[in-house]
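Data first, discussion second: the structure below is written as structure tokens.
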């Protein structure tokens, strides 16, 4: 009995490995079909990009001009822009890029900005960014506010 159990325990990793290998090969066969669906879905998103309406994201009530006025009033100008590689990844609806140097908005200006529960305002380069706290997904980017 002990010998049988020991044999089963020794053979179990090999059986699982072959099962996972087989499952991975099944995924690769269906992958090309899945990618073609994703590509066409991505094209649809690009066509709707200009509408600026995504049901998962919050609608922000502050405009660039209002935010720029607050930045000037509070003396928060002269910030440098982010590097181009990071700037292109700082997009509404996507997670905050890793390693981005974000600063908390000073309290004096923060009190003048609209408050949205579950979201925080950050300064990233010369941009004002509204980020979901729980998911780190960018909701709004007001570019050049602190330039």
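Numbering (mature numbering (1 follows the signal peptide of the UniProt record, and there is no 0)), first residue to last: -23 to -1, 1 to 124.
Don't be surprised by glycine CBs; every beta carbon is placed ideally from N, CA and C.
Remember, it's a predicted structure, so these values are computed and weren't measured experimentally.
When C-beta atoms of the region 73 to 81 are compared with those of the region 96 to 112, three or more pairs fall below 8 Å, so the two segments count as touching. Rounded to the nearest whole angstrom, the C-alpha separation of residue 65 and residue 36 is 21 Å.
Inter-segment contact for the region 111 to 124 and the region 44 to 61 is present: three or more beta-carbon pairs are separated by less than 8 Å. Apart from sequence neighbours up to five positions away, the residues of its chain that approach residue 71 with a beta-carbon distance below 8 Å are 114 and 115, ordered along the chain. Boundaries of the alpha helix (DSSP H) harbouring residue 49: 41 to 50, taken from the DSSP string. By the 16-neighbour rule on beta-carbons within 10 angstroms, residue 48 is buried.
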